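Trainee: The structure's right below; bear with me while I get my questions together.
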DNA sequence: CCGTGTGAACAAATTCACAGCC
DNA sequence: GGCTGTGAATTTGTTCACACGG
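Residue numbers (our numbering), protein chains in the order written: chain C, 1 to 211; chain S, 1 to 211.
In structure tokens:
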């Protein structure tokens, strides 16, 4: 499946949610599901699910619904989840160490292959079975071992510099945990993980609530 | 400032980004900034910034721009960030422990006041200076000490049960780290932190790239 | 002259509603 | 009869462009 230029980003962002839910349903033995039922499960409208899927093809059977296994496989193919993706981690402070020991990436085919830090006291140590290299060796490392994705877990002050190095050396996607708005070139995908921002927009609605 | 009903969620989600950037600019000594310059900093259009702010009032000076300090303070007030918010954490596995030791919440006024787990071997232990209670005592705890926000860091299988308990006992916002789409009642705010989903939508764009 | 604030114009996303097929 | 797939209608969100004030 090619990357269709016309598919909105919001649609792409929902596909992994569908895929994950289908995997869960399959593990429970469910074989067929309608857009209505899947929508109930996820809290979205059935029309949205059908419209989203229609960007990529026709996966359902009229009068019946979708084959859970088949649709799950199709979505994983569309998203490019059939291959393994390599990632480098930059920053092994508190956050970086938690990311290294996080058990959620590997089963989904996302593999951290190297870790880097700028602080001399961390370099050479081993964290979660992974040796920590100097960030100065990152360009050289990426030249000999290109990685698909870079994870940034450094301070806000250093994050843009790290992003520049990653992009300059062929990384095509960045998962940013630093609390700063990074600027990356066109053609580089950037996703931010920001629990604090999530809380800060939530409080707008909470403050009005009478206890 | 009241919670205006007509303000789109997307606008609310951008305000913390503006607030954070203004705080950074202020710490660098910047006193005045135009929507153009702020937009350049963040990668958004100046019109969007002005329109977003216009939902809440008039904060700028024509011909000059915005006072960095003043606009930052206004945004924090609008978002409800002048008060401290209390949070309970449920689940002290790998992820929960990382959340407990995360240093980013407290400086922004988000305080974890208690931690809970369902596994007997964890109950009674101390993690990051915080005693771990049985999740069975969560309802009772919330009755005597209401919390604003619940953080869910349990398995996907248990997350909905935990969310139900939190909502039933007065929690008005949930920050969910479990890889599952939770359903909560109207009037409860839910934000999901899902690095794996972020990666899985990113790969849609990466797979097409020629190396 | 510069940059805000804002209706108006435009674009994007969602939902509707129904023809078509199982 | 039930449910998909999809144009059309509607809603939501973004950008334009300019009157106005400093």
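Glycine included, C-beta positions come from ideal geometry on N, C-alpha and C. Here the structure is a predicted model, which means the values were calculated and not measured.
Name the chain S residues that come within less than 8 Å of residue 48(C), Cβ to Cβ?
Mentor: Near residue 48(C) there are no residues of chain S at all, since even the closest Cβ is about 13 Å away, more than 8 Å.
Trainee: Taking the beta carbon of residue 106(C) as the centre, do at least 16 other beta carbons fall within 10 Å, making it buried, or is it exposed?
Mentor: Exposed, by the Cβ-count rule.
Trainee: Pull the bridge partners of residue 117(C) from the DSSP assignment, please.
Mentor: Residue 117(C) is bridged to 134(C).
Trainee: Within 8 Å, do at least three Cβ pairs link the region 192 to 203 of chain S to the region 8 to 16 of chain C?
Mentor: Verdict: yes, contact present.
Trainee: Measure from the C-beta of residue 103(C) to each C-beta in chain S and report whether the shortest distance is under 8 Å.
Mentor: Chain S contact via Cβ: present.
Trainee: Can you name the start and end residues of the beta strand (DSSP E) that residue 188(S) belongs to?
Mentor: No beta strand (DSSP E) holds residue 188(S); DSSP gives it neither H nor E.
Trainee: Which residue marks the beginning of the alpha helix (DSSP H) containing residue 66(C), and which one marks its end?
Mentor: Note, residue 66(C): premise wrong, no alpha helix (DSSP H); beta strand (DSSP E) at 65 to 67.
Trainee: If you drop the 5 nearest sequence neighbours on each side, which residues of the same chain put their C-beta closer than 8 Å to that of residue 100(S)?
Mentor: If we look at residue 100(S) and ignore the five residues flanking it on each side, its Cβ neighbours are 89, 92, 112, 115, 127, 128 and 130.
Trainee: Going straight from the alpha carbon of residue 95(S) to that of residue 108(S), what length do you get?
Mentor: When rounded, the distance between both Cα atoms is 21 Å.
Trainee: Could you compute how far the alpha carbon of residue 161(C) sits from the alpha carbon of residue 167(C)?
Mentor: So the two alpha carbons sit approximately 10 Å from each other.
Trainee: Show which residues of chain S have a CB atom less than 8 Å away from the CB atom of residue 78(C).
Mentor: Simply 204.
Trainee: State yes or no: is the C-beta of residue 33(C) within less than 8 Å of the C-beta of residue 56(C)?
Mentor: Not closer than 8 Å, so no.
Trainee: Along chain C, which residues have their Cβ under 8 Å away from the Cβ of residue 35(S)?
Mentor: Correct list: empty, because the minimum Cβ distance to chain C is about 15 Å.
Trainee: Give the secondary structure of residue 112(C) by DSSP, where H, G and I count as helix, E and B as strand, and everything else as coil.
Mentor: The answer is strand: DSSP assigns residue 112(C) an E or B state.
Trainee: One question on the structure: do residue 17(S) and residue 38(S) come within less than 8 Å of each other, judged by their Cβ atoms?
Mentor: In this structure, residue 38(S) does not lie closer than 8 Å to residue 17(S) by Cβ.
Trainee: Return the residues of the region 132 to 147 of chain S that lie within a Cβ-Cβ distance of less than 7 Å from chain C, sorted by chain order.
Mentor: Under the 7 Å Cβ criterion, the region 132 to 147 of chain S contributes 146.
Trainee: Between which residues of its own chain and residue 172(C) is the CB-CB distance below 8 Å, once the five residues before and five after are set aside?
Mentor: The answer, listed in chain order, is 148, 149, 187, 188 and 189.
Trainee: Going by C-alpha to C-alpha distance, which of 208(S), 209(S) and 201(S) sits closest to residue 76(C)?
Mentor: Minimum Cα distance to residue 76(C) is reached at 201(S).
Trainee: How would you write the range of the alpha helix (DSSP H) that residue 12(C) sits in, first residue to last?
Mentor: 9 to 27 is the extent of the alpha helix (DSSP H) around residue 12(C).
Trainee: Check for me: the beta strand (DSSP E) holding residue 89(S) runs from which residue to which?
Mentor: Per DSSP, residue 89(S) belongs to the beta strand (DSSP E) from 85 to 90.
Trainee: Considering only DSSP beta bridges, list what residue 175(S) is partnered with.
Mentor: Paired residues: 151(S) and 191(S).
Trainee: Of the residues that make up the region 14 to 27 of chain C, which ones have a beta carbon closer than 9 Å to any beta carbon in chain S?
Mentor: Those residues of the region 14 to 27 of chain C that come within reach of chain S (Cβ to Cβ, closer than 9 Å) are 14, 15, 16, 17, 19, 20, 21 and 24.
Trainee: If you measure from the beta carbon of residue 38(S) to each beta carbon in chain C, is any gap under 8 Å?
Mentor: So, not an interface residue.
Trainee: List the DSSP bridge partners of residue 33(C).
Mentor: DSSP lists 66(C) as partners of residue 33(C).
Trainee: Taking Cβ positions only, does residue 179(C) come closer than 8 Å to chain S?
Mentor: Residue 179(C) counts as touching chain S.
Trainee: Grouping DSSP H, G and I as helix and E and B as strand, with all else coil, what is residue 203(S)?
Mentor: Helix, per DSSP.
Trainee: Could you spell out the range, first to last residue, of the alpha helix (DSSP H) harbouring residue 183(S)?
Mentor: Residue 183(S) -> no alpha helix (DSSP H), and no H or E assigned at all.
Trainee: So with Cβ pairs under 8 Å, would you call residue 201(C) a contact of chain S?
Mentor: True, the Cβ-Cβ gap to chain S drops below 8 Å.
Trainee: Alpha carbon to alpha carbon, how far is residue 156(S) from residue 97(S)?
Mentor: Answer to the nearest angstrom: the Cα atoms are 17 Å apart.
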